[in-house]
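Enquirer:
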Amino acid sequence: MDEMKNNASKLSEIKKENPFGTPEQYFDDFSARLHTRMAAEAQSSAPQKPRIFQLLKPALGLAASFAVVVMLVYVPLRLFMPKELNQVAQVTDTSDAGFLNIIEKIDEESFVALLNDTESEDDFTNDELALYVSANFSDYELYENLTNK
Numbered sequence: 007m008d009e010m011k012n013n014a015s016k017l018s019e020i021k022k023e024n025p026f027g028t029p030e031q032y033f034d035d036f037s038a039r040l041h042t043r044m045a046a047e048a049q050s051s052a053p054q055k056p057r058i059f060q061l062l063k064p065a066l067g068l069a070a071s072f073a074v075v076v077m078l079v080y081v082p083l084r085l086f087m088p089k090e091l092n093q094v095a096q097v098t099d100t101s102d103a104g105f106l107n108i109i110e111k112i113d114e115e116s117f118v119a120l121l122n123d124t125e126s127e128d129d130f131t132n133d134e135l136a137l138y139v140s141a142n143f144s145d146y147e148l149y150e151n152l153t154n155k
């Protein structure tokens with residue numbers, strides 16, 4: 007409480023004048039100074055001719071971002087992908103040359119064994135056939151096939 011009384015008495019002694027003000031004769035030549043400043047700014051901010059780099063900057067940024075994505079995704083996949091997966095991708099080639107390459111890699115014994123294979127997994131029961139047909143064909147397709155015969 008005593009501090010408040012001491013502070014109040016000290017505050018009452020301070021003059022209540024505005025300590026801020028403008029320099030003397032500031033506004034006498036203000037308009038002349040303003041015009042010279044505006045003219046200087048107008049000359050310095052004259053439109054400049056766009057440079058080639060400024061025009062190509064967005065396209066270069068886009069190309070750089072694509073290059074970064076390729077480097078971060080494709081290169082590590084290429085380096086760390088097992089070679090077996092690369093061979094599988096080559097085997098799935100549907101051209102005649104790819105098919106001939108597959109046949110050339112098979113030895114004669116396995117080829118003859120495949121030809122002589124008498125065990126056939128194509129023997130289905132009626133229930134299995136009915137389940138397959140009902141799962142893979144719509145009623146309309148079944149009706150259409152029955153009426154076309």
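Residue numbers for the sequence shown, in our numbering: 7 to 155.
Every residue, glycine too, gets a C-beta built ideally from N, C-alpha and C.
What you are looking at is a predicted structure, and each value in this text was computed from that prediction instead of being measured.
1) Beta-carbon separation of residue 152 and residue 139 under 9 Å?
2) So what does DSSP say about residue 64, is it helix, strand or coil?
3) Looking at the structure shown, is residue 50 part of a helix, part of a strand, or coil, going by DSSP?
4) Where does the unbroken alpha helix (DSSP H) through residue 151 begin, and where does it stop?
5) Around the Cβ of residue 54, are there at least 16 other Cβ atoms within 10 angstroms (buried) or fewer (exposed)?
Expert: This is what the structure gives:
1) Residue 139 sits away from residue 152, with the two beta carbons spaced by 9 Å or more.
2) Under the three-state reduction of DSSP output, residue 64 falls in the helix class.
3) Under the three-state reduction of DSSP output, residue 50 falls in the helix class.
4) Residues 145-154.
5) Counting Cβ neighbours within 10 Å, residue 54 comes out exposed, since fewer than 16 surround it.
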